[in-house]
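Participant: Structure provided below as structure tokens; questions to follow.
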Amino acid sequence: MTAPAQDAASKPALFSPITLRGVTAKNRILISPMCQYSADDGVANDWHLVHLGKFAQGGAGTVMVEATAIAPEGRITHGDLGLWNDEQLPPLKRIAAFLRANGSVPAIQLAHAGRKASMQRPWYGNAALTPDDAARGDQPWRIVAPSPIPMDDGWLKPHELTQADLTQMLEDWRRATLRAVSAGYDLLEVHCAHGYLLHEFLSPLSNLRNDQYGGDRAGRMRFPLQVIETVRAAWPKDKPLFVRVSSVDGLDGGIVLEDSVAFAQEAKTRGVDVIDCSSGGLMGSATAARIPRGYSFQVPFASEIRKQANIATMAVGLILHPQQAEDVLAEGHADIVAIGREVLFDPNWPLHAELSLTDGGATETFENWPKQYGWWLERREPGLRKLDGPALPFRKS
Ligand SMILES: Cc1cc2nc3c(=O)[nH]c(=O)nc-3n(C[C@H](O)[C@H](O)[C@H](O)COP(=O)(O)O)c2cc1C
């Protein structure tokens, strides 16, 4: 896959379509999965519909539903989404239909939280569940991991997964994938990052097993790769599969980039189309800073994995400015850009990015807006440009 470059006459790279297998997204912007901790018994509700729906209205090529647990004990918190039973299907189906009807590829991330399960929702502390949480109804539950090592002092000690547990878990991944198909999703991502279960298998710091699932890199990759094989077999051949990795642990003795390149190569041979290149999270929350953070700080991981494993990548992390996102693509570091917190700040980020990367001419730019908005804005624009006062927000000229 070649990186889209922008020449003077063409569209910005960020707004060139991308086709993966049988699925085409209208642009290279993907809304990064972001847990809302707002589900009951894993069931999505109107919050999720509006939260995700507004990103489709805001012009994103792809909108990815947050980490959705394949089993109840694989939730991070009591508020996580799940796909372990059929009651969880209808609201997720409604969300997929809305996203598609409003121009976005509906995507979903499947996950198991491993030893980072049974946590407080962030606004109640973001740590292991306490008696106060239990009093509110959020009881802790039995958690599992490759090895019985808690994430940190004060965290629950996980039970070591047996071979029988792992066999059952593959079945859980398979069934959740089939439900994602029934719910109408066109893109699926396997969460192997941020210190959750599959990352715990990959990292030598959290996987001390001495069976076939531990030891050297090949052993540590075995279970995550079995999950990928299982998911790929259940996921339609004409739909793309993404894998999110923590490209590096940023901890002594942890995963380094070479490990993630090797994992990406193996994932590619098993039918993974894109590696989503995040980092960190093995100890502490996914947002705990172990790796120095600055604009585009994870882009070098996407760039190296893309080059060395010869696979398409997605860049994510502190990409805020439209020109910054454009440069990531035009310079060939990644094929897709994921935007997370900045769309919480501005759900119309993709539409605004298009305005700011083009000349801001009303007739070209508002045609991509929902007609319910664009029709009015297009007619307002020429008058606005004649007004005295500061430059118009988001417009280039
Ligand atoms: C509220 C919130 C929830 C998140 N939930 C998930 C998640 O479900 N799955 C995941 O892989 N990453 C999750 N992340 C990480 C984001 O997808 C993204 O990688 C991270 O925020 C960095 O990108 P940004 O700087 O554009 O926000 C979450 C981040 C936030 C802020």
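Residues in the sequence shown are numbered consecutively from 10, following this note's numbering. For glycine and all other residues, C-beta sits at the position ideal for the given N, C-alpha and C.
Could you pull out every residue in the same chain whose Cβ sits closer than 7 Å to the Cβ of A34, ignoring the five residues on either side in sequence?
Facilitator: Here the set comprises P26, I27, G70, T71, V114.
Participant: Hey, would you say the C-beta of L327 is under 7 Å away from at least one heavy atom of ligand 1?
Facilitator: Yes, ligand 1 has a heavy atom inside 7 Å of this Cβ.
Participant: Tell me where the beta strand (DSSP E) around V59 begins and ends.
Facilitator: From DSSP, V59 is part of no beta strand (DSSP E) but of the alpha helix (DSSP H) over 55 to 66.
Participant: Run through DSSP, which three-state label would F251 get?
Facilitator: Correct three-state label for F251: strand.
Participant: Beta carbon of H87: closer than 7 Å to some heavy atom of ligand 1?
Facilitator: For ligand 1, not one heavy atom lies less than 7 Å from the Cβ of H87.
Participant: From E238, L214, L170, pick the residue whose C-alpha is nearest to that of D161; which is it?
Facilitator: Cα-wise, what sits closest to D161 is L214.
Participant: Just the C-alpha distance for D95 and L29, rounded to the nearest angstrom, thanks.
Facilitator: Spanning the two alpha carbons is a distance of roughly 28 Å.
Participant: In whole angstroms, what is the alpha-carbon distance linking K395 and K20?
Facilitator: The straight-line gap from Cα to Cα measures roughly 26 Å.
Participant: Relative to the alpha-carbon of L61, which residue among R279, P399, G112 has its alpha-carbon at the smallest distance?
Facilitator: The shortest Cα separation from L61 among R279, P399, G112 belongs to G112.
Participant: Quick check: what's the CA-CA separation for D181 versus L234?
Facilitator: Each residue's Cα considered, the two are about 15 Å apart.
Participant: Would the beta-carbon of L170 fall within 8 Å of that of V153?
Facilitator: Yes, Cβ-Cβ distance for L170 and V153 is below 8 Å.
Participant: Are the beta-carbon atoms belonging to P100 and N54 less than 8 Å from one another?
Facilitator: A contact, by the Cβ cut-off of 8 Å.
Participant: Strictly by DSSP, which residues pair up with C201?
Facilitator: DSSP, once it has assigned bridges, lists V254 as partnering C201.
Participant: Starting from P391, trace the alpha helix (DSSP H) in both directions and tell me its first and last residue.
Facilitator: Note, P391: alpha helix (DSSP H), 380 to 395.
Participant: In terms of residues, what are the limits of the alpha helix (DSSP H) holding I314?
Facilitator: Here the alpha helix (DSSP H) through I314 covers 308 to 318.
Participant: Taking C-beta to C-beta, are A65 and L108 nearer than 8 Å?
Facilitator: Yes, the pair counts as a contact, with Cβ atoms nearer than the cut-off.
Participant: Give me the Cβ distance between A122 and L250, rounded to the nearest whole Å; I'm assuming they're in contact under 8 Å.
Facilitator: About 20 Å; that fails the 8 Å criterion.
Participant: What are the start and end residues of each continuous alpha helix (DSSP H) run of 4 or more residues lying completely inside the region 94 to 125, in chain order?
Facilitator: Fully enclosed alpha helix (DSSP H) runs of 4 or longer: 98 to 110.
Participant: Please report the residue range of the beta strand (DSSP E) in which S215 lies.
Facilitator: Neither: S215 is in no beta strand (DSSP E) and is coded neither H nor E.
Participant: At 4 residues or longer, and completely inside the region 138 to 197: list those alpha helix (DSSP H) runs for me, N to C.
Facilitator: The region 138 to 197 contains these whole alpha helix (DSSP H) runs: 140 to 144, 172 to 191.
Participant: Report the option in I85, T86, I79, R103 whose CA atom is closest to the CA atom of L92.
Facilitator: It is I79.
Participant: Rounded to whole angstroms, how far is the Cβ of L291 from the Cβ of G263, which I believe are closer than 8 Å?
Facilitator: Yes, they are in contact, since the Cβ atoms of L291 and G263 sit about 6 Å apart, within 8 Å.
Participant: Okay, do the region 276 to 287 and the region 321 to 334 touch, 3+ Cβ pairs below 8 Å being the bar?
Facilitator: The answer is yes - the region 321 to 334 touches the region 276 to 287, with three or more Cβ pairs under 8 Å.
Participant: Below 8 Å on the Cβ atoms is my contact criterion, and I expect K248 with D174 to pass it. Report the Cβ-Cβ distance as a whole number of Å.
Facilitator: Not quite, the Cβ-Cβ distance comes to about 28 Å (not below 8 Å), so this is no contact.
Participant: Which residues in the same chain as I383 place their Cβ atom closer than 6 Å to its Cβ, once the five residues preceding and following it in sequence are excluded?
Facilitator: Just to set this straight, residue 383 is Gly in the shown sequence, not Ile. These residues qualify, in order along the chain: F375.
Participant: Measure the C-alpha to C-alpha separation of V257 and D225 and round it to an integer number of angstroms.
Facilitator: Distance between the alpha carbons of V257 and D225: 17 Å.
Participant: Can you check which of these residues, R124, F306, R231, D355, is closest to L179 by C-alpha distance?
Facilitator: Per the Cα distances, R231.
Participant: Within its chain, find whatever has a CB closer than 7 Å to the CB of K277; leave out the 5 residues flanking it on each side and keep chain order.
Facilitator: Once the five neighbours on either side are set aside, the close Cβ partners of K277 are A318, I320.
Participant: If the criterion is Cβ atoms closer than 8 Å, does the pair G303 and S255 meet it?
Facilitator: Contact: no.
Participant: In chain order, what residues of the same chain lie with their CB nearer than 6 Å to the CB of A295, ignoring the 5 residues before and after it?
Facilitator: A caution first: A295 carries a pLDDT of 49, below 50, which makes its placement in the model unreliable, though a value can still be read off. H203, listed in sequence order.
Participant: Confirm the yes/no value for this check: CB of T43, any heavy atom of ligand 1, distance under 7 Å.
Facilitator: Per the sequence presented here, residue 43 reads as Met, with Thr not at that position. Yes, the beta carbon of M43 sits closer than 7 Å to at least one heavy atom of ligand 1.
Participant: Give me the residue from I348, E351, L401 with the minimum Cα distance to L364.
Facilitator: Of the listed residues, the one whose Cα sits closest to L364 is L401.
Participant: When you compare the CB positions of V325 and C286, do they come within less than 8 Å of one another, or not?
Facilitator: For V325 and C286, yes; Cβs fall inside 8 Å.
Participant: List the whole-angstrom C-beta distance separating A126 from G83, where the pair is believed to meet the contact cut-off of C-beta under 8 Å.
Facilitator: Confirmed, about 6 Å.
Participant: List the residues that DSSP assigns as beta-bridge partners of M128.
Facilitator: Partner(s): A137.
Participant: So V252 and V308 are supposed to be a Cβ contact under 8 Å. How far apart are they, rounded?
Facilitator: In fact, because the Cβ distance is near 18 Å, the residues do not count as touching under 8 Å.
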